[in-house]
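Each remark here refers to the structure printed beneath this line.
Residue numbers (the working numbering): -15 to 311.
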């Protein structure tokens, strides 16, 4: 790891000002992903701005929404009584993430901005368009078992790693940012970018912007939700396939539904056509199968990950069947 400078910011405005006037800088909270990337040579930064002393760790269940500070620790959010009671999907997604030790340190903002676990990206000796645009994507013809079947391009097929981001996508969360140009709010559905020809640009964040908080609408639908993560081992493992689902039925008919998927897309994947195919229909195995088929209709599997096409449909059927009381 090369040498870098280090500054502790005292308030959000100072943190943003430091970032704007310090070339090669980035923010650090828990550092559970960033420091590993720097040590492995996958990322290089000249200066780290510590945001741990900022007043960005609050968790508030207000009348209309859940507000989570960008520096709140994953464990605290997962264990918060209001989150557990009214947003079970978020608790399940957080507890399925990383390991207990990492969740004590890792921040919400850092989790949303963590980089892909693609082995080629993490190996500084391998070409990777996320690290050096135009250098190539060896995963397309190489080891791609853990890669995306949705949203990829000829330049990148890496999956997004965050379980939390998938759950927040299903719940229509909003990400609040503070930067040199002031504060702004971005719906999470527009926060992450498809790789296209610029896979090194993963979000709509501008240089020097900091995640200050995440808002999640407080709805009855959020209270009837689940997060299912399928992985190769029980802990400290990333999703092969995951499903975030929130469902409201009346008389066996789907009145409302929200779905998002992990492990299959280059960003947390939501396809509103799938939700529309279920809404207003009796929740039956046939209806779920048709929705699953619509989800993977545009899938582009590779040699090592073709099994995900069936697996994600089975996972969807399992979650909706449980939420809807199907046997």
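Idealized CB from N, CA, C, for every residue including glycine.
Out of the options, state which residue places its alpha-carbon closest to the alpha-carbon of residue i.
{"i": "residue 84", "options": "220, 144 and 56", "result": "220"}
{"i": "residue 17", "options": "62, 47 and 90", "result": "90"}
{"i": "residue 135", "options": "129, 207 and 255", "result": "255"}
{"i": "residue 109", "options": "266, 243, 276 and 24", "result": "24"}
{"i": "residue 314", "options": "40, 27 and 65", "result": "With the chain covering only -15 through 311, there is no way to say anything about residue 314."}
{"i": "residue 119", "options": "10, 128 and 138", "result": "138"}
{"i": "residue 37", "options": "55, 47 and 43", "result": "55"}
{"i": "residue 1", "options": "166, 307 and 173", "result": "166"}
{"i": "residue 209", "options": "216, 8 and 241", "result": "241"}
{"i": "residue 228", "options": "32, 62, 71 and 47", "result": "71"}
{"i": "residue 247", "options": "128, 22, 10 and 47", "result": "128"}
{"i": "residue 171", "options": "161, 287 and 179", "result": "161"}
{"i": "residue 287", "options": "73, 47, 20 and 141", "result": "141"}
{"i": "residue 230", "options": "307, 218, 27 and 276", "result": "307"}
{"i": "residue 268", "options": "126, 283, 218 and 310", "result": "310"}
{"i": "residue 60", "options": "32, 75 and 152", "result": "75"}
{"i": "residue -6", "options": "11, 152 and 126", "result": "11"}
{"i": "residue 270", "options": "218, 234, 305 and 73", "result": "305"}
{"i": "residue 290", "options": "62, 152 and 124", "result": "124"}
Between which two residues does the alpha helix (DSSP H) harbouring residue i extend?
{"i": "residue 110", "result": "No alpha helix (DSSP H) holds residue 110; DSSP gives it neither H nor E."}
{"i": "residue 302", "result": "292 to 308"}
{"i": "residue 174", "result": "Per DSSP, residue 174 belongs to no alpha helix (DSSP H) and is neither H nor E."}
{"i": "residue 233", "result": "Run containing residue 233: none in the alpha helix (DSSP H); it sits in the beta strand (DSSP E), 225 to 234."}
{"i": "residue 60", "result": "58 to 63"}
{"i": "residue 104", "result": "103 to 106"}
{"i": "residue 147", "result": "147 to 154"}
{"i": "residue 273", "result": "269 to 279"}
{"i": "residue 24", "result": "18 to 24"}
{"i": "residue 5", "result": "-4 to 5"}
{"i": "residue 93", "result": "92 to 96"}
{"i": "residue 75", "result": "72 to 79"}
{"i": "residue 262", "result": "256 to 262"}
{"i": "residue 87", "result": "84 to 89"}
How about residue i and residue j: do their beta carbons lie closer than 8 Å?
{"i": "residue 245", "j": "residue 150", "result": "yes"}
{"i": "residue 106", "j": "residue 182", "result": "no"}
{"i": "residue 184", "j": "residue 114", "result": "yes"}
{"i": "residue 238", "j": "residue 205", "result": "no"}
{"i": "residue 187", "j": "residue 194", "result": "no"}
{"i": "residue 259", "j": "residue 279", "result": "no"}
{"i": "residue 66", "j": "residue 30", "result": "no"}
{"i": "residue 266", "j": "residue 236", "result": "yes"}
{"i": "residue 272", "j": "residue 295", "result": "no"}
{"i": "residue 281", "j": "residue 297", "result": "no"}
{"i": "residue -4", "j": "residue 233", "result": "no"}
{"i": "residue 164", "j": "residue 4", "result": "yes"}
I'd like the span of the beta strand (DSSP E) that includes residue i, first residue to last.
{"i": "residue 44", "result": "43 to 45"}
{"i": "residue 160", "result": "158 to 163"}
{"i": "residue 244", "result": "237 to 246"}
{"i": "residue 201", "result": "194 to 201"}
{"i": "residue 12", "result": "9 to 12"}
{"i": "residue 355", "result": "An answer regarding residue 355 cannot be provided, because it is not within the stretch -15 to 311 covered by the chain."}
{"i": "residue -9", "result": "-11 to -8"}
{"i": "residue 51", "result": "49 to 53"}
{"i": "residue 39", "result": "It is not in any beta strand (DSSP E) - residue 39 carries neither H nor E in the DSSP assignment."}
Give me, in chain order, the residues of the same chain whose beta-carbon lies closer than 7 Å to that of residue i; leave out the 5 immediate sequence neighbours on both sides.
{"i": "residue 213", "result": "80, 147, 223 and 226"}
{"i": "residue 174", "result": "188"}
{"i": "residue 302", "result": "212"}
{"i": "residue 58", "result": "78, 81, 87, 90, 92 and 95"}
{"i": "residue 257", "result": "278"}
{"i": "residue 64", "result": "43"}
{"i": "residue -8", "result": "34 and 37"}
{"i": "residue -14", "result": "28"}
{"i": "residue 216", "result": "224"}
{"i": "residue 322", "result": "In this structure the chain extends from -15 to 311, so residue 322 is not present and cannot be described."}
Leaving aside the five residues before and after residue i along the sequence, list all residues of the same chain whose C-beta is less than 6 Å from its C-beta, in chain order.
{"i": "residue 94", "result": "13 and 14"}
{"i": "residue 264", "result": "none"}
{"i": "residue 390", "result": "Look at the range of the chain in this structure, -15 to 311, and you will see that residue 390 is not part of it."}
{"i": "residue 155", "result": "200 and 206"}
{"i": "residue 318", "result": "What the structure shows of the chain is the stretch from -15 to 311, and residue 318 is not part of that stretch, so it cannot be assessed."}
With a threshold of 8 Å on Cβ separation, who are the neighbours of residue i within its own chain once the five nearest residues in sequence on each side are excluded?
{"i": "residue 122", "result": "104, 110, 111 and 112"}
{"i": "residue 21", "result": "27, 99 and 106"}
{"i": "residue 69", "result": "207"}
**Item:** Cβ contact (3+ pairs, closer than 8 Å) linking the region 247 to 263 and the region 120 to 137
**Value:** Touching, yes.
**Item:** the region 199 to 216 in contact with the region 39 to 54 per 3-pair CB rule at 8 Å
**Value:** With a cut-off of 8 Å, the region 39 to 54 and the region 199 to 216 count as touching, because enough Cβ pairs lie within range.
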